[in-house]
Amino acid sequence: MKGTLRSTLTTQDDATDRVLLDAAKRREEKIARYKREKAVQAQIEALQQQLERAQADGDVDADEVDRSLVLALLEQFTQRAAEHLQAIVQEQEMLAMMRQHRDRQAAASSSDGAHVDMRAPPLRATADGPLLSTQGKPMRPFVITSKREQLRQEVFRPGWRLPTMSIDEYLEQERARGNIIEGGGEASGKPAASEDEDDEAAADAATYKARAWDDFTDENPRGWGNRMNKG
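Those letters in the sequence shown? Residues 1 to 231, per UniProt numbering, in order.
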């Protein structure tokens, strides 16, 4: 076990060192390539100026300068082509790594699914059962609605929540729960017939008493019985 672990760690360290060396080597190559490109560009600019002067002066060496300029341009195009090829190679390596990673994930998921299927019986696919299993596998048919279809259905839908029942239904439920007291209204403010009769009798008695007092005061003025001026 220890030997296997040591071998695995050694392999990983070697791979890490190799990656680091490759990265350092690529960096050095990139710096050298950049320097060559700058030198070639400076050479092209100098040859172009020399060719313009030679053509203006009618120098016989203009053809030689023109030839050197063409060779410099070819070298520049060669360097650019090499850069493009190297970028393509790096992209291919990245795609290969992504493909290997995806294949490993697919193999791991398939092996895990087969192991679970061997240990546990498959669940019954019913309309009331779960939609997906614990491994993410569909257990019954379902319909996937696209986002566009969902947005189309919500075009004319109001932005607020609609009521789930009418006012009459709500009042009926509240009445069944005993939250509404029956009665009230205009009839509840009216006194009963017996109460009306009692109130009228009391009013009549008060009226008779007031009239009797008025009659008494009229027949007996104030001080009429006080003949000795007492009080």
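C-beta: ideal position from N, C-alpha, C; glycine also.
- Task: Drop a sphere of 10 angstroms on the beta-carbon of LEU171, count the other beta-carbons inside from all chains shown, and report buried for 16 or more, exposed for fewer.
- Result: Its Cβ having fewer than 16 others within 10 Å, LEU171 is exposed.
- Where GLN43 and ASP22 are concerned, what is the direct C-alpha to C-alpha distance, given to the nearest angstrom? Put simply, the backbone Cα of GLN43 is about 31 angstroms away from that of ASP22.
- Item | Inter-residue Cα distance where the pair is HIS101 and GLN92 | Within the model, the alpha-carbon separation for HIS101 versus GLN92 is close to 14 angstroms.
- Message: So, at 7 angstroms on beta carbons, what are the nonlocal neighbours of ASP66 in its own chain, with the 5 sequence-adjacent residues on each side left out?
- Response: For ASP66, where only same-chain residues beyond five positions count, the Cβ hits under 7 angstroms are LEU51.
- Message: Looking only at its chain, what residues have a beta carbon closer than 8 angstroms to the beta carbon of ALA201, apart from the 5 residues adjacent to it on each side?
- Response: Hits under 8 angstroms: none found.
- Task: Could you spell out the range, first to last residue, of the alpha helix (DSSP H) harbouring GLU172?
- Result: GLU172 -> alpha helix (DSSP H) spans 167-177.
- Is the beta carbon of GLN86 sitting closer than 7 angstroms to the one on GLU37? Between GLN86 and GLU37, the C-beta gap is not smaller than 7 angstroms, which leaves the two residues out of contact.
- Item | Straight-line Cα distance separating ALA82 from LEU95 | Their backbone Cα atoms lie some 20 angstroms apart in a straight line.
- Task: Count the other C-beta atoms from every protein chain shown that fall within 10 angstroms of the C-beta of ALA205, then say buried if there are 16 or more, exposed otherwise.
- Result: By the 10 Å Cβ count, ALA205 comes out exposed.
- Could you give the distance in angstroms between the alpha-carbon of ALA106 and the alpha-carbon of ARG99? Rounded to the nearest whole angstrom, the C-alpha separation of ALA106 and ARG99 is 11 angstroms.
- Message: Which same chain residues end up closer than 8 angstroms to LEU47 when comparing Cβ atoms and leaving out the 5 residues on each side of it in sequence?
- Response: Its chain contains VAL65, SER68, LEU69, ALA72 as the residues whose beta carbon lies nearer than 8 angstroms to that of LEU47, once the 5 sequence neighbours on both sides are disregarded; these appear in chain order.
- Query: Got a sec? Which residues, its chain only, sit under 7 angstroms from PRO122 by beta carbon, not counting five neighbours each side?
  - Reply: In this predicted model, PRO122 has a pLDDT of only 48, less than 50, meaning its place in the structure is not dependable; the value taken from the coordinates is given anyway. Excluding five sequence positions before and after PRO122, none of the CB atoms of its chain fall closer than 7 angstroms to its own CB.
- 7 angstroms CB neighbourhood of GLU173 in its chain, flanking five on each side removed: Reading the sequence as shown, one finds Gln at residue 173 and not Glu. Excluding positions up to five away in sequence, the list is empty.
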